[in-house]
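Heads up: the protein sequence lines correspond to chains A, B, C and D, in order. Numbering-wise, our numbering puts 112 at position 112 of the first sequence, and it's gapless, one number per residue. Numbering-wise, our numbering puts 63 at position 63 of the second sequence, and it's gapless, one number per residue. Numbering-wise, our numbering puts 301 at position 301 of the third sequence, and it's gapless, one number per residue. Numbering-wise, our numbering puts 180 at position 180 of the fourth sequence, and it's gapless, one number per residue. These notes are about the structure you will find just below.
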Amino acid sequence: MMITEEIQDIRQLLEDCPDDLTKYQTIIEMGDDLDPYPESYKLDELKVSGCQSDLWLYAEHHGDCLHMIATSDAVIVRGLVAIVFQILNDRPRQEIRDFDAALLAQLGIQNIVTPGRQNGIGSLINRIKLLAS
Amino acid sequence: MMITEEIQDIRQLLEDCPDDLTKYQTIIEMGDDLDPYPESYKLDELKVSGCQSDLWLYAEHHGDCLHMIATSDAVIVRGLVAIVFQILNDRPRQEIRDFDAALLAQLGIQNIVTPGRQNGIGSLINRIKLLAS
Amino acid sequence: MNCRSDFAILTDSPDGTAYLDSAATSLTPDCVLEKVNRYYRYYNANIHRGIHNWAEKATVEYEAVRPIVGDFIQMGTTTVKDCEIVFSSGTTHSINLVANSFCADWDSDDQVIISEAEHHANIVPWQQLRDRSGVKLQVVFLDEKGQIDLGHLEDLLKRGTRRSLVATSILPNATGILQDWQQIGQLSKMYDATVLFDGAQSVPRIQTDVSVCDFLVFSGHKIYGPTGVGVLYARQGLLDDAPPYMSGGDMIKTVNFAETTFNIMPWRYEAGTQNIAGVIGLGRAIQWVQEQGIDNITAHEAMISDYAQEALKSVDRVSVFFPDSSKLGLIVFAVDNAQSSDVATLLNAQQVAVRSGYLCAEPILRNRLGRGVIRASFGCYTTTEEIDRLITALQKSLQTL
Amino acid sequence: MNCRSDFAILTDSPDGTAYLDSAATSLTPDCVLEKVNRYYRYYNANIHRGIHNWAEKATVEYEAVRPIVGDFIQMGTTTVKDCEIVFSSGTTHSINLVANSFCADWDSDDQVIISEAEHHANIVPWQQLRDRSGVKLQVVFLDEKGQIDLGHLEDLLKRGTRRSLVATSILPNATGILQDWQQIGQLSKMYDATVLFDGAQSVPRIQTDVSVCDFLVFSGHKIYGPTGVGVLYARQGLLDDAPPYMSGGDMIKTVNFAETTFNIMPWRYEAGTQNIAGVIGLGRAIQWVQEQGIDNITAHEAMISDYAQEALKSVDRVSVFFPDSSKLGLIVFAVDNAQSSDVATLLNAQQVAVRSGYLCAEPILRNRLGRGVIRASFGCYTTTEEIDRLITALQKSLQTL
Ligand SMILES: Cc1ncc(COP(=O)(O)O)c(C=O)c1O
Ligand SMILES: Cc1ncc(COP(=O)(O)O)c(C=O)c1O
Numbered sequence: 001m002m003i004t005e006e007i008q009d010i011r012q013l014l015e016d017c018p019d020d021l022t023k024y025q026t027i028i029e030m031g032d033d034l035d036p037y038p039e040s041y042k043l044d045e046l047k048v049s050g051c052q053s054d055l056w057l058y059a060e061h062h063g064d065c066l067h068m069i070a071t072s073d074a075v076i077v078r079g080l081v082a083i084v085f086q087i088l089n090d091r092p093r094q095e096i097r098d099f100d101a102a103l104l105a106q107l108g109i110q111n112i113v114t115p116g117r118q119n120g121i122g123s124l125i126n127r128i129k130l131l132a133s
Numbered sequence: 001m002m003i004t005e006e007i008q009d010i011r012q013l014l015e016d017c018p019d020d021l022t023k024y025q026t027i028i029e030m031g032d033d034l035d036p037y038p039e040s041y042k043l044d045e046l047k048v049s050g051c052q053s054d055l056w057l058y059a060e061h062h063g064d065c066l067h068m069i070a071t072s073d074a075v076i077v078r079g080l081v082a083i084v085f086q087i088l089n090d091r092p093r094q095e096i097r098d099f100d101a102a103l104l105a106q107l108g109i110q111n112i113v114t115p116g117r118q119n120g121i122g123s124l125i126n127r128i129k130l131l132a133s
Numbered sequence: 001m002n003c004r005s006d007f008a009i010l011t012d013s014p015d016g017t018a019y020l021d022s023a024a025t026s027l028t029p030d031c032v033l034e035k036v037n038r039y040y041r042y043y044n045a046n047i048h049r050g051i052h053n054w055a056e057k058a059t060v061e062y063e064a065v066r067p068i069v070g071d072f073i074q075m076g077t078t079t080v081k082d083c084e085i086v087f088s089s090g091t092t093h094s095i096n097l098v099a100n101s102f103c104a105d106w107d108s109d110d111q112v113i114i115s116e117a118e119h120h121a122n123i124v125p126w127q128q129l130r131d132r133s134g135v136k137l138q139v140v141f142l143d144e145k146g147q148i149d150l151g152h153l154e155d156l157l158k159r160g161t162r163r164s165l166v167a168t169s170i171l172p173n174a175t176g177i178l179q180d181w182q183q184i185g186q187l188s189k190m191y192d193a194t195v196l197f198d199g200a201q202s203v204p205r206i207q208t209d210v211s212v213c214d215f216l217v218f219s220g221h222k223i224y225g226p227t228g229v230g231v232l233y234a235r236q237g238l239l240d241d242a243p244p245y246m247s248g249g250d251m252i253k254t255v256n257f258a259e260t261t262f263n264i265m266p267w268r269y270e271a272g273t274q275n276i277a278g279v280i281g282l283g284r285a286i287q288w289v290q291e292q293g294i295d296n297i298t299a300h301e302a303m304i305s306d307y308a309q310e311a312l313k314s315v316d317r318v319s320v321f322f323p324d325s326s327k328l329g330l331i332v333f334a335v336d337n338a339q340s341s342d343v344a345t346l347l348n349a350q351q352v353a354v355r356s357g358y359l360c361a362e363p364i365l366r367n368r369l370g371r372g373v374i375r376a377s378f379g380c381y382t383t384t385e386e387i388d389r390l391i392t393a394l395q396k397s398l399q400t401l
Numbered sequence: 001m002n003c004r005s006d007f008a009i010l011t012d013s014p015d016g017t018a019y020l021d022s023a024a025t026s027l028t029p030d031c032v033l034e035k036v037n038r039y040y041r042y043y044n045a046n047i048h049r050g051i052h053n054w055a056e057k058a059t060v061e062y063e064a065v066r067p068i069v070g071d072f073i074q075m076g077t078t079t080v081k082d083c084e085i086v087f088s089s090g091t092t093h094s095i096n097l098v099a100n101s102f103c104a105d106w107d108s109d110d111q112v113i114i115s116e117a118e119h120h121a122n123i124v125p126w127q128q129l130r131d132r133s134g135v136k137l138q139v140v141f142l143d144e145k146g147q148i149d150l151g152h153l154e155d156l157l158k159r160g161t162r163r164s165l166v167a168t169s170i171l172p173n174a175t176g177i178l179q180d181w182q183q184i185g186q187l188s189k190m191y192d193a194t195v196l197f198d199g200a201q202s203v204p205r206i207q208t209d210v211s212v213c214d215f216l217v218f219s220g221h222k223i224y225g226p227t228g229v230g231v232l233y234a235r236q237g238l239l240d241d242a243p244p245y246m247s248g249g250d251m252i253k254t255v256n257f258a259e260t261t262f263n264i265m266p267w268r269y270e271a272g273t274q275n276i277a278g279v280i281g282l283g284r285a286i287q288w289v290q291e292q293g294i295d296n297i298t299a300h301e302a303m304i305s306d307y308a309q310e311a312l313k314s315v316d317r318v319s320v321f322f323p324d325s326s327k328l329g330l331i332v333f334a335v336d337n338a339q340s341s342d343v344a345t346l347l348n349a350q351q352v353a354v355r356s357g358y359l360c361a362e363p364i365l366r367n368r369l370g371r372g373v374i375r376a377s378f379g380c381y382t383t384t385e386e387i388d389r390l391i392t393a394l395q396k397s398l399q400t401l
């Protein structure tokens, strides 16, 4: 699927939620499907800063593609990571580098694209783009 | 005359002016009657700070009373000094110390009683009260 | 209290938010906005240096705020009190000013004592001073009730070699426990220490009185006033000759290229064009507080805080920070097996606005709890219904977390 | 220009003031007040640290001002430009920040070069730096046209031993003569000097472009924005690791009692609760300027300045400062045998508002004229009728003086 299609899919899923609380419940459930993240990879240099919660991201180049695993102590962040992964994980690095983070605004989730780099998932996207280059 | 009467007199004089410009012309003319101030008294320690213009004040105790002379390079300040002198000069020091500067507000002249001690004639009054003690 | 109708944001709020984050910033009553708008609409001028009517009016309005503040913090009736009130850009600026100006010549023979429960604003400037000058930085601990341990404080004061500064919060934003500030002040004075009280949270909530301190600092935006303005009360004489923290226009008497003579207190410390509209708005905010009655505010916030603390204690998995002490204005709590930002996010999804994380008071939270927390904080407009909404939303959230 | 109707203070002014003091502070269009009021009425929250909707909205609005500023001062299209814009409380604060943070390790091998025509805000912080650290403070003189003498500047740059900082105003508030800033920047760069431009008067009046400088500072209240807010543009990398000027909340990454890790640019330099409403209002002010078109503003102010200069020259006893140079935004003049505050007071009595005295630029006025002056200064709303009123009122005043 194309990035834009993935975004549309997730957007649809979230739009179908009757209220904000359900939306977050859905997001939290998505986080349950994240691949396991080894304790030994919870290293300071793998920490993505800028969230109130801790977030670790580890990535490898698989050929042209970027393969990532991540985790967080906050279940909502885990869910947001799952969303980002559904969109970007295992994509060609070029495609990741070219990805316009502003598209995430379509998801309609507060906090997912944040101004500056102080909080939320914005720093995750920045880190991913960095790792893709 | 009592202080309050002097204030009423000046107030009447100024109220009779048809507009603000004439009011200031009247004030400037009052300054023409100030006693001469010797050049040799233009000393730094006799300077009253806080005005945009220079203002010098020299005072002597004559018995119980305070006798003052003053001058300024600004003719409006000279006029304001003349007003203050008409009210306070040669009065018993006790009376000067007790004088409530807020009464000057009755004169209706902008700048004559000023907030803080940064500008206008407020610092002159403060200095006079100091010299009277 | 019956003041909600003074806040358009509460009466017209399109999203029906229960705003329980007043310790971060308080809401602003309409009269404050009107006062600020009047400055921009009728006499939008710079102060002090102008001779024209608008400048004069702006100067009068700006300077009139000093006695308003002075009365409010009970400076007494001396005629010089204007000279003890400096306007800053906030509590943080005020503390930095003291650390840089008052303590400019402090060194390793001197000490600064802060408490364990301080806000970063009352920690980091002293660390910077320590790193720059060698001043000793001491931390006094809290007892089991969340009060500054006076015995420990006395030990530290005794051990000081030359000068001591005690810098503590009257009402720490991470505990909500009102300190015995009069005692702290008196004890410190017995050892000739200088006392700085951080009143950021207390000045909006209790009658403060500067007779037991030397410096008092607080922010406009936490006392129903505008952002970008704060106060430093400094006892007369303490800052007369100190080197200014910030320099530039309006804080000077005369400038030439060789040297500059600085102005006297308080203008000496107000370099550059001030936050004129902010100060004027702060004056109106304090008057508004006085119209409500500070004692009424204290009583209302105590009532709300008791109500909230009891309600929170009854929620499963919730542990209140210092559960056995009563709180004023804010309650800090954590939820077992739930990350604080998750809780805050789910509360927000139900239109309940709280703070989460380390509350700009990382040391005490890391040391005592080892984790981030959730804080519900109140203003004089907060209602018990809003607390009920918090509890309901919290219970719902915990079903998911 | 046709913008007067955007200013309630001009259309509803009950006293009919001709406001010719815009260099001290500009008037504020209604849209800026509306934007500020909207913050207080719909999302009155603290920024960065809160998770709830209002905090998020406030953060988005606040951070959105960085790219607005960046575009306006033509930072180009790099994606990192947010990191180069620091919000301060004003020009004065911005300059103090550079003098204390960027120059923290400067000493007698380094020099700071300012011009003769600087505002106190761009003199006193460097004197303080000199007195504290031994940095050499050099003054470059103006030529007979009121332009910085580039030959003299080059001499000073050549003589510098290690680092040089050139700190000059693009449009000095005591002369109104636009400097050849691109040349100054390029020349300084040839000698590897760091360049700080004081844009307090220029940024509201001409298209500025930071490609020839390292730092650019200006104030909100002079560019149709609120009081208590300013900007420091700092070229990427220059302030990454400098010791912060102010410390406290929100500028830290992590705090414990032993040590503290500071945040990255630009937040590293924005300690404490920011002037949130002020920054948001500043963003709207800059957008308003862009709606008017900065080139239209330049043209209008040049027209008004020419008109005023010609008219003033024709008044008996009036001497214009640097009469043979054209001015932008302000005209400085003196009247033979009349003290400047007397003139300003009589003009005010006729509802014409001007500045008088030493204009916070004492050195150049004392050295060149030995006396205070009168300044009429303009905004994009100033009309030729207001200039006519100035001239008539001036002539009337001179009959008395
Ligand atoms: C050229 C110049 N620099 C600096 C300043 C200081 O600006 P502020 O007072 O807003 O800090 C001013 C304004 O007074 C100015 O005109
Ligand atoms: C106790 C305390 N001190 C200091 C501060 C800092 O205040 P500001 O951010 O307004 O400078 C705060 C507020 O965050 C506080 O709660």
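Ideal Cβ positions, reconstructed from N, Cα and C, are used throughout, including at glycine. The structure displayed is predicted, hence computed values, not measured ones.
Evaluate residue i with the Cβ neighbour count: other Cβ atoms within 10 Å of its Cβ, from every protein chain shown; 16 or more gives buried, anything less gives exposed.
i         : result
Gln94(A)  : exposed
Asn403(C) : The question about residue 403(C) has no answer here: the residues shown for chain C are numbered 1 through 401.
Asn256(C) : exposed
Gln128(C) : buried
Asn337(D) : exposed
Ala285(D) : buried
Ala308(C) : buried
Alpha carbon to alpha carbon, what distance is there between residue j and residue i?
i         : j         : result
Glu118(C) : Ser133(A) : 43 Å
Met1(D)   : Gln287(C) : 41 Å
Glu29(B)  : Val77(B)  : 11 Å
Thr79(D)  : Ile83(A)  : Because Thr79(D) carries a pLDDT of 47, less than 50, the predicted location of this residue cannot be relied on, and the following value inherits that uncertainty. Their Cα atoms are separated by approximately 24 Å.
Ile402(C) : Tyr245(C) : Given a span of 1 to 401 for chain C in the structure shown, any question on residue 402(C) remains unanswerable.
Gln201(C) : Glu84(C)  : 21 Å
Arg97(A)  : Asp21(C)  : 38 Å
Leu402(D) : Thr92(D)  : Because chain D spans 1 through 401 in this model, residue 402(D) falls outside it and cannot be assessed.
Phe215(C) : Ser72(B)  : 39 Å
His344(D) : His221(C) : Correcting the residue identity first, residue 344(D) is Ala in this sequence and not His. Their backbone Cα atoms lie some 37 Å apart in a straight line.
Asp306(C) : Phe378(C) : 12 Å
Arg117(B) : Ser13(D)  : Since pLDDT at Arg117(B) reaches only 38, below the 50 mark, its modelled position is unreliable, and the value read off the structure follows with that caveat. Cα-Cα distance, rounded: 29 Å.
Return the residue from the list the options that minimises the CA-CA distance to residue i.
i         : options                                   : result
Asn126(A) : Asp64(A), Ile69(A), Ser49(A)              : Ser49(A)
Trp181(C) : Cys213(C), Val32(C), Gly329(C)            : Cys213(C)
Leu137(D) : Ile123(D), Glu144(D), Phe333(D)           : Ile123(D)
Asp192(D) : Gln111(D), Lys396(D), Ala58(D), Ala349(D) : Gln111(D)
Item to complete: Anything in the region 376-393 of chain C with a Cβ closer than 9 Å to a Cβ of chain A? List those residues in chain order, please.
Response: Ala393
Worksheet item: Which of the residues in the region 116-132 of chain D, read from start to end, lie with their CB under 7 Å from any CB of chain C?
Response: His119, His120, Ala121, Ile123, Val124, Pro125, Gln127, Gln128
Worksheet item: In chain order, which continuous runs of the alpha helix (DSSP H) of length 4 or greater are located wholly inside the region 26-109 of chain A?
Response: 75-88, 93-98
Worksheet entry | Contact list for the region 48-72 of chain A against chain C, Cβ threshold 7 Å | The residues in question are Gln52, Ser53.
Discussion item. Restricting to runs no shorter than 3 residues, where is the beta strand (DSSP E) found entirely within the region 193-273 of chain D?
Written reply: 194-198, 215-219, 230-234, 252-255, 260-262
Practice prompt. Please specify which runs of the alpha helix (DSSP H), each continuous and at least 4 residues long, are wholly inside the region 298-365 of chain C, giving them in chain order.
Written response: 340-349
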